[in-house]
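Line by line, the protein sequences give chains C and S.
Using the numbering used here, you'd call the opening residue of the first sequence number 1 and step up by one each time.
Using the numbering used here, you'd call the opening residue of the second sequence number 1 and step up by one each time.
All C-beta atoms, glycine included, are put in the ideal place defined by N, C-alpha and C.
Below: one structure, written as structure tokens.
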Amino acid sequence: MKYFALLAIFLCVEVTAHQWTPTYPEFRLSYIGGIHTTDMKLYNTREDVDYYQIQVFDGYFNPIKFAINGGQSDVINVSFRKTKVVSVYVPSSESSRVVYVCSRSMILKEEETASLLSSRICSKVK
Amino acid sequence: MNKLMLCAISAIFVSGAYAEEIPITGNVESKCVITTDTAGVYGNPTPSNLSTDPTDGGVTPIVRYDVSMAEYYKALITWPDEFSQSPELNDTVAFDGEVTVDRVSIATMSDYESAKTEYQNSTEYELTESGSTWFAIESEADYGFSKAFPGGTYRSLITAECIAQ
Numbered sequence: 001m002k003y004f005a006l007l008a009i010f011l012c013v014e015v016t017a018h019q020w021t022p023t024y025p026e027f028r029l030s031y032i033g034g035i036h037t038t039d040m041k042l043y044n045t046r047e048d049v050d051y052y053q054i055q056v057f058d059g060y061f062n063p064i065k066f067a068i069n070g071g072q073s074d075v076i077n078v079s080f081r082k083t084k085v086v087s088v089y090v091p092s093s094e095s096s097r098v099v100y101v102c103s104r105s106m107i108l109k110e111e112e113t114a115s116l117l118s119s120r121i122c123s124k125v126k
Numbered sequence: 001m002n003k004l005m006l007c008a009i010s011a012i013f014v015s016g017a018y019a020e021e022i023p024i025t026g027n028v029e030s031k032c033v034i035t036t037d038t039a040g041v042y043g044n045p046t047p048s049n050l051s052t053d054p055t056d057g058g059v060t061p062i063v064r065y066d067v068s069m070a071e072y073y074k075a076l077i078t079w080p081d082e083f084s085q086s087p088e089l090n091d092t093v094a095f096d097g098e099v100t101v102d103r104v105s106i107a108t109m110s111d112y113e114s115a116k117t118e119y120q121n122s123t124e125y126e127l128t129e130s131g132s133t134w135f136a137i138e139s140e141a142d143y144g145f146s147k148a149f150p151g152g153t154y155r156s157l158i159t160a161e162c163i164a165q
């Protein structure tokens, strides 16, 4: 017990979360046939987070297939205090089901000093 | 010569009549910002228990929500039910937690606590006022049947969500 760690780090440093706007996006027909799109803006004010996962859900938070611009995955890299516009694409047949478009902070597993706060902000399609 | 000078002077006055107008534009839009106000620390009051309660030697983490417009968002805060980092554990860990309103920026937000909805390890608040609300998240973990936690670092993850209504 000599080296027993009395304290465990829960949250280490003060950080802020990201901003995800607009609050109420609208999907429109994209230039690709059969695909609807909307533009979201992510402002990263978390110094400890560089990657965000984009998520699209229906009203019951069931995931809906989607794609984003410039990437094969649903994870985007946004540096500290930078803004990125993310175009979200969904099949037109699914666009009426989309209710929430969310962004969630990704915390690196090997991160030693990062705050362990996972922040997720969801906009609602109306 | 006099005419030339008069023209030159006129030109100076004419050019001096221009004024630079620098517009400042702004756009107030609804948004939600989540801030970690106080870092949380687990205390270890007994060998089998880790707790963020200050009476147990811990520090309760506090998260602040700022919303720019009323009734646009709800807050969903989830206390941890597993460690994201820990030494190897070979017995069960029972997690418990509680989310409460710690401070508010305007008096009418004091209703948030009585109106909250709790399910599983999540607590939901309707953010019906614009301004800042501080939420305290208590977390506690008990190891096995009064078994001592192995030495090492323990981390767990709070999920703070802001969902448009």
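query                                                                                                         : result
Listed by chain order, chain S residues near Lys82 (chain C) by CB distance under 9 Å                         : Correct list: empty, because the minimum Cβ distance to chain S is about 16 Å.
Distance between Ser30 (chain S) and Pro87 (chain S) (C-alpha atoms, nearest Å)                               : 43 Å
Beta-carbon gap between Ser122 (chain S) and Thr78 (chain S) smaller than 8 Å                                 : yes
Within chain C, partners of Tyr72 (chain S) - CB distance below 8 Å                                           : Thr23
Within chain S, the residues that Val124 (chain C) reaches when beta carbons sit closer than 8 Å              : Sequence inspection shows Lys at residue 124 (chain C); the Val mentioned does not correspond to that position. Going along chain S in sequence order, the residues near Lys124 (chain C) (Cβ under 8 Å) are Ile163, Ala164 and Gln165.
Contact with chain S by Arg120 (chain C), beta-carbon distance below 8 Å                                      : yes
Where Asp66 (chain S) sits in the DSSP three-state scheme                                                     : strand
Exposed unless 16 or more other CB atoms sit within 10 angstroms - verdict on Leu108 (chain C)                : exposed
Val104 (chain S) and Ile137 (chain S) closer than 8 Å at C-beta                                               : no
Neighbour flag for Val63 (chain S) against chain C, beta carbons, 8 Å                                         : yes
Nearest-angstrom Cα separation, counted from Leu157 (chain S) out to Thr108 (chain S)                         : 30 Å
Residues that Ala227 (chain S) contacts on chain C, provided the C-beta gap is smaller than 8 Å               : Given a span of 1 to 165 for chain S in the structure shown, any question on residue 227 (chain S) remains unanswerable.
C-alpha distance - Asp96 (chain S) paired with Glu82 (chain S), whole-angstrom precision                      : 10 Å
Distance between beta carbons of Val49 (chain C) and Ser105 (chain C), contact taken as under 8 Å             : 5 Å
Distance between Thr159 (chain S) and Pro80 (chain S) (C-alpha atoms, nearest Å)                              : 8 Å
Rounded separation between Val88 (chain C) and Ser103 (chain C) - CA only                                     : 11 Å
Three-pair Cβ contact test at 8 Å for the stretch 47-58 of chain S versus the stretch 139-149 of chain S      : yes
Contact between the stretch 145-154 of chain S and the stretch 83-101 of chain C (3+ Cβ pairs under 8 Å)      : no
C-beta neighbour in chain C for Leu157 (chain S), strict 8 Å                                                  : yes
DSSP-derived helix/strand/coil call for Ala94 (chain S)                                                       : strand
Rounded straight-line distance, which links the Cα of Thr23 (chain C) to that of Ser93 (chain C)              : 23 Å
Residue environment, Arg120 (chain C), which counts as buried when at least 16 other CB atoms sit within 10 Å : buried
Strand pairing of Asp39 (chain C), partner residues [DSSP]                                                    : C:Ser87
Chain C within 8 Å of Thr36 (chain S), Cβ atoms only                                                          : yes
Contact set between Phe132 (chain S) and chain C, taken where Cβ atoms lie within less than 8 Å               : For the sequence presented, residue 132 (chain S) should be read as Ser rather than Phe. Ordered by position in chain C, no residue passes the 8 Å Cβ test against Ser132 (chain S), which lies about 12 Å from the chain.
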